[in-house]
Amino acid sequence: NAGVTQTPKFQVLKTGQSMTLQCAQDMNHNSMYWYRQDPGMGLRLIYYSASEGTTDKGEVPNGYNVSRLNKREFSLRLESAAPSQTSVYFCASRGQGAYNEQFFGPGTRLTVL
Amino acid sequence: AQSVTQLGSHVSVSEGALVLLRCNYSSSVPPYLFWYVQYPNQGLQLLLKYTSAATLVKGINGFEAEFKKSETSFHLTKPSAHMSDAAEYFCAVSDDSGYSTLTFGKGTMLLVSP
């Protein structure tokens, strides 16, 4: 039982390049989330998927797209990376019910030059 | 709408001293509350959660938190700090309003000195 896995762990991009961050969970959770974490800003929600087949914008969606490929996988795409997207990205998943906690992946550290 | 305020972006204690990290929430309906810990270069892991079963909640590593509805607070405490407690701590809230998201506070970095 691996929980929530993310790939890659580290990535360096040049401005304008594109990339996809991958996330998978093996806990049969309905909901999945993408956050970014920046110093002093806490965790900010980029996009989330409440269930397979649905996605919704979070607090900071501009410059990102997501795909809920199936119940297990939720990817985040940067179409044209910008230095402002340098951050640590976390994926999380959660079971049904507001009383349930989110489980987090180990994160992807992205630098855009 | 829901929100979380964590007082103090940094808290410093000596090893063996009481740890108190403050969290106040705002929610229009009865909330569910969570404390997470993040060690350097790692993801967040759950310390404890309040789901209305008991107002005093015990978590891992000797931490506990008390839900006080009248004060809209859910402060995190530990009687005696250990060096290994140095980390960033996040408070979060969710409710039954139909949204699937958690709202996180901005975090408090706990520094423990020998």
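Protein chains in written order, with my numbering: chain L, 1 to 113; chain Z, 1001 to 1114.
For glycine and all other residues, C-beta sits at the position ideal for the given N, C-alpha and C.
Note that this is a predicted model, so its numbers are computed, not measured.
query: With a cut-off of 8 Å on the beta carbons, I'd call Gly1043(Z) and Gly107(L) a contact; round off their distance for me.; result: 5 Å
query: Please report the distance separating the alpha-carbon of Val88(L) from that of Gln1045(Z).; result: 16 Å
query: Measuring only from the beta carbon, is Ser1009(Z) closer than 7 Å to any heavy atom that is part of the ligand SAH?; result: Within the structure as shown, the ligand SAH is missing, as the structure has no ligands at all.
query: Going along chain L in order, which residues have a C-beta closer than 7 Å to the C-beta of Lys1046(Z)?; result: Reading off the sequence shown, one finds Leu at residue 1046(Z), where the question assumed Lys. Near Leu1046(Z) (Cβ distances below 7 Å), the residues of chain L are Glu101.
query: Expressed to the nearest angstrom, what Euclidean distance is found between the alpha-carbon atoms of Phe1074(Z) and Gln96(L)?; result: 23 Å
query: Using a Cβ cut-off of 8 Å (strictly closer), state whether Gly95(L) contacts chain Z.; result: no
query: Counting only the same chain and skipping the five closest in sequence on each side, list residues whose C-beta sits under 8 Å from that of Asp1095(Z).; result: Gln1002, Ser1027, Ser1028, Val1029, Pro1030, Pro1031 and Tyr1032
query: Whose C-alpha, out of Thr1103(Z), Phe1090(Z), Ser1080(Z) and Val1057(Z), is nearest the C-alpha of Tyr1039(Z)?; result: Phe1090(Z)
query: Kindly indicate if chain Z contains any beta-carbon less than 8 Å away from that of Phe90(L).; result: yes
query: With 8 Å as the threshold, decide whether the Cβ of Ala81(L) is near any Cβ in chain Z.; result: no
query: Taking the beta strand (DSSP E) that Asn1041(Z) belongs to, which residues open and close that run?; result: Neither: Asn1041(Z) is in no beta strand (DSSP E) and is coded neither H nor E.
query: Does the beta-carbon distance from Ser49(L) to Arg68(L) come in below 8 Å?; result: yes
query: Note down the Cα distance separating Gln17(L) from Thr111(L), rounded to an integer number of angstroms.; result: 12 Å
query: If distances are taken between C-alpha atoms only, which option among Asp26(L), Met32(L) and Gly3(L) comes closest to Arg94(L)?; result: Met32(L)
query: Near Leu113(L), which residues of its chain fall below 8 Å by C-beta distance, leaving aside the five closest residues on each side in sequence?; result: Val12, Leu13, Lys14, Thr15 and Pro83
query: At a CB-CB cut-off below 8 Å, which residues of chain L make contact with Leu1076(Z)?; result: Ordered by position in chain L, no residue passes the 8 Å Cβ test against Leu1076(Z), which lies about 15 Å from the chain.
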